[in-house]
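In the working numbering, the protein residues as written are 2 to 317. Where a beta carbon is used, it is the ideal one built from N, C-alpha and C, also for glycine. Everything numeric in this text was worked out from a predicted model, so none of it was measured. The structure appears below as structure tokens.
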């Protein structure tokens, strides 16, 4: 397999040298300008042979790396599920602590200005206390998520190394970048949850404060309206936070898919290899991009074949 790749890429490189425009004294004019259609067809034929030989090799690597990345996604799922569960528990606690529908509570709210003011001031205190308490409860879950990302991404590094087409240096860079991105996103998620709770606290405190001001002016607080406001605010917090956790999960999927393309891209299509060649500067740029891609590809294949030998691929 190695000799076949070498011969195919050697042929393509020879063609690219012939196609490149002269860049100095003593250089022959580009054969592209002499016979553009013939050279384009020859290049496409050589590229098709490279593509056909690469396809099974790259498909196998792509599948194995993808299998390991799916493992990472599954390993991180319990952490996000924990966060969602904690959101639900936090909402449940706040609902219980801020409940105003008991008969005793109704009687106190309707029993006179002093009693109503006392209850509303107590409720403001409970809003601050319990939202701050729920904020504290999220800290260990957020820390576990960050720690879990670091741990499982390092496991991914070890498990992907035998299968990645990329060289060890490029593999290390990709994995470090993935860990850095996911860690930042996890910290941003925690910050967003804390911000949601701050907003919830401010909104509820403002509403209860407005009710207390009304009671001082002689208006009787409506326990039903207070309870409905608490319910709506808590549901809005739950909804917004769940959306943010879901967005974080999608970000994990997106980042791991990008890593898969970097470490073991899917087999290239013919169109991905064969540029449209003509006489313009854009054709020269296309040739330059193709040469660069082939150089990277050959570097990775050479590493894979030389350093890892012809060992059998491990099946998942």
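Opening and closing residue of the alpha helix (DSSP H) in which residue 224 lies: Residue numbering aside, residue 224 sits at position 223 when the chain shown is read from its first letter. Residues 224-264.
Proximity test, residue 173 beta-carbon vs the ligand NAP heavy atom, cut-off 7 Å: Annotation note on the ligand NAP: not contained in the displayed structure, which lists no ligands.
Three-state secondary structure (DSSP) of residue 118: Your numbering for residue 118 matches position 117 in the chain shown. In the structure shown, residue 118 sits in a helix (DSSP, three-state: H, G or I).
Residue burial classification, residue 256 (beta-carbon count within 10 angstroms, cutoff 16): Taking the first residue of the chain shown as position 1, residue 256 is located at position 255. Buried is the call here.
Three-state secondary structure (DSSP) of residue 206: For the purposes of this step, residue 206 is taken as the residue at position 205 of the chain shown. Note: residue 206 maps to helix in three-state DSSP.
Whole-angstrom distance between residue 194 and residue 125, CA atom to CA atom: In the chain shown, counting from the first residue as 1, residue 125 sits at position 124. In the chain shown, counting from the first residue as 1, residue 194 sits at position 193. Looking at the two C-alpha atoms, the distance is approximately 21 Å.
The segment 172-179 contacting the segment 155-163, beta-carbon criterion three pairs below 8 Å: yes
Sufficient close CB pairs (3 or more, under 8 Å) joining the segment 199-210 to the segment 59-76: no
Expected contact under 8 Å - CB spacing of residue 198 and residue 136 to nearest Å: Looking up residue 198 in the chain shown gives position 197. Looking up residue 136 in the chain shown gives position 135. The Cβ separation is near 5 Å, so the contact holds.
Residue 99 (DSSP reduced to helix, strand or coil): Residue mapping note: residue 99 aligns to position 98 of the chain shown, counting from 1. Residue 99: coil per DSSP, three-state reduction.
Residue 200 versus residue 163: straight-line alpha-carbon distance, rounded: Along the chain shown, one-based indexing puts residue 200 at 199. Along the chain shown, one-based indexing puts residue 163 at 162. If you take the alpha carbons of residue 200 and residue 163, they lie about 48 Å apart.
Cβ-Cβ distance between residue 185 and residue 253 below 8 Å: The residue labelled residue 185 in the question sits at position 184 within the chain shown. The residue labelled residue 253 in the question sits at position 252 within the chain shown. No; because the gap between Cβ atoms is not below 8 Å, this pair is not in contact.
Cutoff 8 Å; reference residue 239; Cβ partners in own chain excluding five residues on either side: Position 238 of the chain shown, counting from 1, holds the residue named residue 239. The answer, listed in chain order, is 88, 89, 92.
For residue 22, the three-state DSSP class (helix, strand or coil): Here residue 22 refers to the residue found at position 21 of the chain shown. With a pLDDT of 48 at residue 22, under the threshold of 50, the predicted position of this residue should be treated as unreliable, and no value is reported.
Residue from 83, 145, 117, 168 whose Cα sits closest to the Cα of residue 263: For the purposes of this step, residue 263 is taken as the residue at position 262 of the chain shown. Of the candidates 83, 145, 117, 168, the one whose C-alpha sits nearest the C-alpha of residue 263 is 168.
Test item: CB-CB of residue 131 and residue 95 under 8 Å: On the chain shown, residue 131 is found 130 positions in, with the first residue counted as 1. On the chain shown, residue 95 is found 94 positions in, with the first residue counted as 1. Yes, Cβ-Cβ distance for residue 131 and residue 95 is below 8 Å.
Neighbourhood of residue 153 by C-beta, 8 Å cutoff - its chain only, sequence neighbours within 5 removed: By one-based count along the chain shown, residue 153 stands at place 152. Cβ neighbours of residue 153 beyond the five flanking positions: 73, 76, 77.
Backbone secondary structure at residue 173 - three-state DSSP: Indexing the chain shown from 1 puts residue 173 at position 172. DSSP places residue 173 in helix when its eight states are reduced to three.
Chain-order list of residues whose beta-carbon lies under 6 Å from that of residue 191 (same chain, five-residue window excluded): Here residue 191 refers to the residue found at position 190 of the chain shown. Excluding residues within five positions, the ones whose Cβ falls inside 6 Å are 143.
Rounded C-alpha distance that separates residue 213 from residue 133: Residue mapping note: residue 213 aligns to position 212 of the chain shown, counting from 1. Residue mapping note: residue 133 aligns to position 132 of the chain shown, counting from 1. For residue 213 and residue 133, the distance between alpha carbons rounds to 22 Å.
Residue 246 versus residue 229: straight-line alpha-carbon distance, rounded: Position 245 of the chain shown, counting from 1, holds the residue named residue 246. Position 228 of the chain shown, counting from 1, holds the residue named residue 229. Between residue 246 and residue 229, the C-alpha separation is close to 26 Å.
Given residue 265 as reference, the closest of 56, 58, 57, 62 once Cα atoms are compared: On the chain shown, residue 265 is found 264 positions in, with the first residue counted as 1. Out of 56, 58, 57, 62, 62 has the C-alpha closest to the C-alpha of residue 265.
Status (buried if at least 16 other CB within 10 Å, exposed otherwise) for residue 226: Along the chain shown, read from residue 1 onward, the residue named residue 226 stands at position 225. By the 10 Å Cβ count, residue 226 comes out exposed.
Residue nearest to residue 99 in terms of C-alpha spacing, selected from 115, 145, 120, 86: Stepping through the chain shown from its first residue, residue 99 is reached at position 98. Closest option to residue 99, Cα to Cα, is 120.
Where residue 168 sits in the DSSP three-state scheme: Stepping through the chain shown from its first residue, residue 168 is reached at position 167. Correct three-state label for residue 168: coil.
Among 79, 231, 139, 187, nearest to residue 248 - alpha-carbon criterion: In the chain shown, the residue the question calls residue 248 occupies position 247. Comparing Cα-Cα distances from residue 248 to each of 79, 231, 139, 187, the minimum goes to 187.
C-beta contact flag for residue 80 and residue 149 at 8 Å: The residue given as residue 80 occupies position 79 in the chain shown. The residue given as residue 149 occupies position 148 in the chain shown. In this structure, residue 149 lies closer than 8 Å to residue 80 by Cβ.
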